[in-house]
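Engineer:
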Amino acid sequence: MREVTVTEKTVEAAVEKGLLQLKTKKENVNIHIIDYGKKSFLGMFGGKPAIVRISLKEHVEAPLSFLSEIKEFKLENMNPVNNEIDEIAADSKNEDTPAFKRNQTVVEEIEKYLISVLSEMDIQADIEIQKSGKEVIFKILSKDASIIIGRRGQVLNALQYLCQLVSNRKQKHYLSIILDVENYREKRKKTLMKLAEQLSNQVISTKKSVELEPMPAFERKIIHSYLAEKKAVKTESVGEGSNRYLVIHPRKNK
């Protein structure tokens, strides 16, 4: 459901009812008041209800019921550190080895789980799977891509974390699970690199450190790597769990 038209006694009541129907918050919608309505005289006659049309904005958050279930997830654990030896990854490419068969089974279970979660969100989607050694990419194809992505990738990151948990429960951490929709990961990478460039120039100019918003480890790594060659600045991760964020510092001249 992307849009609702609600009739209630007041505009406020209509908006509140519409938000409940869309399962979202006010900042995620566009509100068009069709009719402000009119109060009845002495509560008996001449009244007219308010009519409001409410539609979801692009890249809105997932339904509140879904996010409430996963609000405690830790972004720091999105891509667990891989402690497996390289030989295991090599074996996983060979279709005759137990490692490959285990991977195949886990990938199938993750696909089923992902489709079931999307179904609970009233989203129909197809999944394309790409494998490369220890990395498995699930490309989600859906007309509801903006909902799946969420605000700054919040929903997509949460789904990726949940799918990583499915993999971790079945075997040790030599499978890295990546979820993508409409090439969001590559677009997000370019956005982060552009942000890193702008903020690093600001730090160099002002000689003052800049703090970024909390983000998962794999996104912080993009900025760390991009700024690694800039001799005038250095980066540092600060905080714990889902509140961990990155700071860009000016380097002191020796």
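The sequence shown begins at 230 in the numbering used here and counts up one residue at a time. Idealized CB from N, CA, C, for every residue including glycine.
Per DSSP, residue 479 forms a beta bridge with which residues?
Structural biologist: Answer is 462, bridged to residue 479.
Engineer: Go ahead and label residue 315 buried or exposed: buried means 16 or more other beta carbons lie within 10 angstroms of its beta carbon, across all protein chains shown.
Structural biologist: Low local confidence applies: a pLDDT of 40 at residue 315 is under 50, so the model's placement there is unreliable, with the coordinate-based value given in what follows. Residue 315 is exposed by the Cβ-count criterion.
Engineer: If you draw a straight line from the C-alpha of residue 264 to the C-alpha of residue 242, how long is it?
Structural biologist: So the alpha carbons of these two residues sit roughly 13 Å apart.
Engineer: In three-state terms, what does DSSP make of residue 274?
Structural biologist: In this prediction, residue 274 has a pLDDT of 47, which is less than 50 and means its spatial position is unreliable; what the coordinates show is noted afterwards. The answer is strand: DSSP assigns residue 274 an E or B state.
Engineer: Is DSSP giving residue 441 helix, strand or coil here?
Structural biologist: DSSP places residue 441 in coil when its eight states are reduced to three.
Engineer: Roughly how many angstroms separate the alpha carbons of residue 368 and residue 333, rounded to a whole number?
Structural biologist: Whole-angstrom Cα-Cα distance: 16 Å.
Engineer: Under 9 Å, do residue 477 and residue 428 count as touching if we go by C-beta distance?
Structural biologist: Result yes, Cβ atoms of residue 477 and residue 428 sit closer than 9 Å.
Engineer: Kindly identify the DSSP beta-bridge partner or partners of residue 349.
Structural biologist: DSSP output for residue 349 lists no bridge partner at all.
Engineer: If we require 3 or more residues per run, which beta strand (DSSP E) segments fall completely within the region 336-422?
Structural biologist: 355-361, 364-370, 405-410, all fully within the region 336-422.
Engineer: Tell me where the beta strand (DSSP E) around residue 457 begins and ends.
Structural biologist: No beta strand (DSSP E) holds residue 457; DSSP gives it neither H nor E.
Engineer: What's the C-alpha gap between residue 384 and residue 408?
Structural biologist: Answer to the nearest angstrom: the Cα atoms are 11 Å apart.
Engineer: Quick check on DSSP: helix, strand or coil for residue 472?
Structural biologist: Correct three-state label for residue 472: helix.
Engineer: Do the CB positions of residue 342 and residue 392 come within less than 9 Å of each other?
Structural biologist: Yes, the pair counts as a contact, with Cβ atoms nearer than the cut-off.
Engineer: Going by DSSP, which residues form a beta bridge with residue 267?
Structural biologist: Answer is 277.
Engineer: Give the secondary structure of residue 253 by DSSP, where H, G and I count as helix, E and B as strand, and everything else as coil.
Structural biologist: Residue 253: coil per DSSP, three-state reduction.
Engineer: Out of 458, 459, 426, 475, state which residue places its alpha-carbon closest to the alpha-carbon of residue 448.
Structural biologist: Residue 448 has its Cα closest to that of 475, out of 458, 459, 426, 475.
Engineer: Under the assumption that residue 283 contacts residue 233 (Cβ atoms under 8 Å), give the Cβ distance between them as a whole number of angstroms.
Structural biologist: About 5 Å; that satisfies the 8 Å criterion.
Engineer: Where residue 441 and residue 244 are concerned, what is the direct C-alpha to C-alpha distance, given to the nearest angstrom?
Structural biologist: Approximately 34 Å, taken between the alpha carbons.
Engineer: For residue 259, which beta-bridge partners are listed by DSSP?
Structural biologist: Bridge partners of residue 259: 284.
Engineer: Please report the distance separating the alpha-carbon of residue 457 from that of residue 466.
Structural biologist: Whole-angstrom Cα-Cα distance: 13 Å.
Engineer: Would DSSP call residue 239 helix, strand or coil?
Structural biologist: Residue state, collapsed to three classes: coil.
Engineer: Identify the residues that DSSP records as bridge partners of residue 232: which are they?
Structural biologist: Its beta-bridge partners are 284.
Engineer: Going straight from the alpha carbon of residue 452 to that of residue 373, what length do you get?
Structural biologist: Spanning the two alpha carbons is a distance of roughly 29 Å.
Engineer: Note down the Cα distance separating residue 261 from residue 285, rounded to an integer number of angstroms.
Structural biologist: Answer to the nearest angstrom: the Cα atoms are 12 Å apart.
Engineer: Within 10 angstroms of its Cβ, does residue 308 collect 16 or more other Cβ (buried), or is it exposed?
Structural biologist: Reliability of the predicted coordinates at residue 308 is poor, the pLDDT of 43 falling under 50, and no value is obtained from them.
Engineer: In angstroms with no decimal places, state the Cα-to-Cα distance between residue 253 and residue 378.
Structural biologist: For residue 253 and residue 378, the distance between alpha carbons rounds to 15 Å.
Engineer: With DSSP as the reference, identify every bridge partner of residue 467, one or two as the case may be.
Structural biologist: According to DSSP, residue 467 bridges with 474.
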